[in-house]
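Numbering (my numbering), first residue to last: 3 to 100.
Next comes the structure, spelled out in structure tokens:
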């Protein structure tokens with residue numbers, strides 16, 4: 003996974019977002035206002051997207067372009083750690099006995 007992230011972070015981000023949200027690439031492309039063929043080619047690493055395209059994809063997912071790129075560059079293990087920490091933060095506000 004590390005090679006894929008390094009070689010195609012935007013494609014990796016698309017795959018992760020689709021996996022997490024259950025969206026289809028056609029739905030993501032429509033939300034982003036880009037052709038489905040462009041989204042598919044970016045996801046496959048066949049073309050390098052412009053910043054504008056990355057920004058549109060990110061906004062369609064409710065995040066900044068920077069966040070989108072970082073998601074694509076992180077390794078699976080790191081994502082798991084971050085998810086676990088986020089879950090623990092929600093519990094740290096609970097009072098004892100809850």
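Quick reminder that beta carbons are idealized off the backbone N, C-alpha and C, glycines included.
Quick caveat, the model's predicted, so the values are computed rather than measured.
Could one say the Cβ of residue i lies closer than 8 Å to chain D's Cβ atoms, at least one of them?
| i | result |
| --- | --- |
| residue 13 | Absence of chain D from the displayed structure is noted, only one protein chain being present. |
What's the call for residue i, buried or exposed, on a 16-neighbour Cβ count within 10 Å?
| i | result |
| --- | --- |
| residue 110 | Nothing in the structure corresponds to residue 110, since the chain is present only between 3 and 100. |
Could you tell me the distance, in whole angstroms, from the CA atom of residue i to the CA atom of residue j?
| i | j | result |
| --- | --- | --- |
| residue 38 | residue 63 | 15 Å |
| residue 54 | residue 21 | 23 Å |
| residue 28 | residue 43 | 12 Å |
| residue 47 | residue 84 | 26 Å |
| residue 82 | residue 89 | 11 Å |
| residue 61 | residue 67 | 7 Å |
| residue 30 | residue 50 | 17 Å |
DSSP three-state call for residue i: helix, strand or coil?
| i | result |
| --- | --- |
| residue 48 | coil |
| residue 36 | coil |
How about residue i and residue j: do their beta carbons lie closer than 8 Å?
| i | j | result |
| --- | --- | --- |
| residue 34 | residue 41 | yes |
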